[in-house]
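First the structure, in the form of structure tokens, and then the observations on it.
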Amino acid sequence: MQVTFIIVLITIGMTFIGIGFKTALVIGLVVGIFNIIPYLGPLMGGGIGLLLGVASNISLPFYPELATLVTYMLVVLAAVQLIDNILFQPLIYSSSVNAHPLEIFIVIMIAGSMAGVAGMILAIPGYTILRVFAKEFFNHLKVVKKITKKIN
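Residue numbers (this note's numbering): 4 to 155.
Following this line, the structure appears as structure tokens:
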């Protein structure tokens, strides 16, 4: 589902900025598939997509047309990545962990600020373990009951 949204958004965005539909679709497929790889995938997919876009428009004069196109491509890639990170991923993680999307977003941001990329990678599994631990041993507290009410 997440990959499909990314493919559609990238294809629409790239077509909107003037890249042909077929090339935009290929770029969308590449970026969407690479986005499956956590953290480095979007960078690799974006880099390959950028190269594909430049290669398909290599006949344009470098300045101002090709440079402007590359800038627009970077804006589209960054915007779709932001939409993915802020909207899609918390929704997907929240359904798999049985937590509110905002809760997931806050946990990832706190873990990232405390431990960087490693913290972001370990945030959701660690938070899930803490929730289960709290439910088992501190279930008599109201706060714990509220946080862990969705855990089966």
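Ideal Cβ positions, reconstructed from N, Cα and C, are used throughout, including at glycine.
The structure presented is a predicted model; accordingly, all values stated were derived computationally and were not measured.
Cβ contact annotation for I127 (same chain, cutoff 8 Å, sequence separation greater than five): Y96, V100, I107, V110, I111, in chain order. When rounded, the separation of the alpha-carbon atoms in V29 and K152 is 44 Å. Shortest Cα-Cα distance from G50 to any of L133, Q84, H143, Y130 involves Q84. Sequence-distant partners of T26 (beyond 5 residues in either direction) whose C-beta falls short of 8 Å from its own C-beta, in its chain, are M17, L55, G56, S59.
The alpha-carbon separation between F136 and Y66 amounts to approximately 59 Å. Burial state of A70 is exposed, judged by a 10 Å Cβ sphere holding fewer than 16 other Cβ atoms.
Take R134, set aside five residues on each side of it, and the residues of its chain with a beta-carbon closer than 7 Å to its own are I150, T151, I154, in chain order.
K153 sits in coil when the DSSP states are folded into three classes, being neither helix nor strand. The residue among Y42, L43, Q5, P41 with its C-alpha nearest the C-alpha of G31 is Q5. Pairing V33 with G52 gives a Cβ-Cβ distance under 7 Å. A direct Cα-to-Cα measurement between L144 and A102 gives close to 18 Å. For V120, same chain residues with a beta-carbon under 8 Å away, outside a window of 5 residues either side, are Y42 in chain order.
At a Cβ-Cβ threshold of 7 Å, I15 and G35 do not count as neighbours.
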